[in-house]
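Enquirer: In the numbering used here, the protein residues as written are 1 to 466. By construction, the Cβ of each residue, glycine as well, lies at the ideal position given by its N, Cα and C atoms. Because the structure is a prediction, the values reported are computed rather than measured. I have a structure here, written as structure tokens, and I will follow up with some questions on it.
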Ligand SMILES: [Zn+2]
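Written out as structure tokens, the structure reads:
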């Protein structure tokens, strides 16, 4: 059996594996490369041949770095389906459509400049129609339900606790008369995080694909982060000031709503209005509420108790562009949660332009800020930034909170791996993916010391025989 790494090999984006047996060919994830200068070119230079015949695709979760290249395989021959959990299918619907729309928009803007410069025009990587075609291939499979997806290949999804619907995958494949089990960790969440169940480990495999995003460190404890957030919110409420929180629409925004609802129940914030200023975040929040059955026990209890999950009296949704603009005229204290999480686009940029120059305002970063983004610039506390061609002074107080990651830290990854080794189990061949080289090397070292595992670190395009 052969496995080829078509992404997330030495980087955290572009997840894509091809598994080939003597009977079938299955792709696991088909994510987009993101966040570095050559990503765009890499996405356009697809690694597969045009006549690659697939039997099935497996999608581990909705994040674009796992789903965002699905529209590029529509033209491959064959009648395959893309298998995902029901919640992943629903979230992918929102994310892929939005991604296609943004790509069209960005290409249109770039082409205006290119036309004026006499340069040849670009075509978008894909269009909403391509995204719709990918979505029509989705087939839902519930957690813990062994399902044959291709000749000789069965999968079982287990909850990875990373975002709503996310999975690790156990794949059992027949090849040349023998059966092999492959464990794909995909993105592993943080045990004890709100809303989601803890990651479910897999307990035996011949081959393991383990993510390594934070292979080199553990996160700060969540309690400490929540204390810092609470202090900022209480101070803003007392002083009648704004708090701007750039946040990714899926996952992070729902966690923030969950925490703020709790502070409200505990009487620690009282009349502080909280605005969710993002149609995508509003849609994603609705999906979390539609899938209460797969959330953790606390969340299910809250949903039963006066439907108080992800709801509190001062929570407001701001859907339209007009609603969003009206937030500029708000008087008094308020929290505004808007995308994008790294401030490289979206409604948050407008709020930053309107507020960064005001000394009382708080800006709270809760996630990773990529190189070259406005978010990265702001966390370095410059005296001013350029927004829409205008210089804006940075007088607002900038906070960076570290403990709200959706990815497990080093200890979580090692614990997940430890369930796959031990007496009476096969000795699996480990491959570290979905991590930059530093974290991968650090995780390889810890796995060697603690579990006697010699993990391999594949490169982009590499094929291994297993
Ligand atoms: Zn992810």
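Figure out for me which residue from 12, 13, 27 has the closest Cα to the Cα of residue 19.
Expert: Out of 12, 13, 27, 27 has the C-alpha closest to the C-alpha of residue 19.
Enquirer: Does the separation of the CB atoms of residue 337 and residue 256 fall below 8 Å?
Expert: The answer is yes: Cβ separation under 8 Å.
Enquirer: Take residue 226 and list the residues in its own chain whose beta-carbon comes closer than 8 Å to its own, dropping the five residues that flank it on each side.
Expert: 259, 403, listed in sequence order.
Enquirer: Starting from the Cα of residue 468, find the closest Cα among 241, 201, 239, 193 and give me that residue.
Expert: Limits of the chain in this structure are 1 at one end and 466 at the other, which puts residue 468 out of reach.
Enquirer: Among residues of its own chain, excluding the 5 on either side of residue 391, which ones have a beta-carbon nearer than 7 Å to its beta-carbon?
Expert: The answer, listed in chain order, is 384.
Enquirer: For the beta strand (DSSP E) that residue 178 lies in, which residues bound it at each end?
Expert: Segment 178-184, the beta strand (DSSP E) holding residue 178.
Enquirer: Check residue 405 in the structure and name its three-state DSSP category.
Expert: DSSP places residue 405 in coil when its eight states are reduced to three.
Enquirer: Return the Cβ separation of residue 143 and residue 85 in integer angstroms, given the expectation that the two are a contact with Cβ distance under 8 Å.
Expert: Yes, they are in contact, since the Cβ atoms of residue 143 and residue 85 sit about 6 Å apart, within 8 Å.
Enquirer: Rank 236, 303, 121 by C-alpha distance to the C-alpha of residue 195 and give the top, closest one.
Expert: Among 236, 303, 121, the Cα nearest to that of residue 195 is on 303.
Enquirer: Whole-angstrom Cβ separation of residue 341 and residue 247, contact assumed at under 8 Å?
Expert: Right, their Cβ atoms sit about 5 Å apart.
Enquirer: Assuming contact is defined by CB atoms lying nearer than 8 Å, are residue 241 and residue 360 in contact in what I supplied?
Expert: Yes. Within cutoff.
Enquirer: Buried or exposed: where does residue 369 fall if 16 or more other Cβ atoms within 10 Å of its Cβ makes it buried?
Expert: Result: buried.
Enquirer: Quick one: is residue 159 buried, meaning 16 or more other Cβ sit within 10 Å of its Cβ, or exposed?
Expert: The residue is buried, with at least 16 neighbouring Cβ atoms inside 10 Å.
Enquirer: Confirm the yes/no value for this check: CB of residue 188, any heavy atom of ligand 1, distance under 7 Å.
Expert: Residue 188 Cβ: outside cutoff for every heavy atom of ligand 1.
Enquirer: Could you tell me which of 328, 332, 333 sits nearest to residue 348, measuring between CA atoms?
Expert: Checking every option, the nearest Cα to that of residue 348 belongs to 328.
Enquirer: State the start and end residues of the unbroken alpha helix (DSSP H) segment that holds residue 288.
Expert: 279-290 is the extent of the alpha helix (DSSP H) around residue 288.
Enquirer: Which of helix, strand or coil does DSSP assign to residue 1?
Expert: Coil.
Enquirer: On the DSSP letters alone, give me the boundaries of the alpha helix (DSSP H) that residue 105 sits inside.
Expert: Counting along the chain, the alpha helix (DSSP H) containing residue 105 begins and ends at 86-116.
Enquirer: Look at the alpha carbon of residue 174 and the alpha carbon of residue 154, and state the distance between them as a whole number of angstroms.
Expert: Their backbone Cα atoms lie some 9 Å apart in a straight line.
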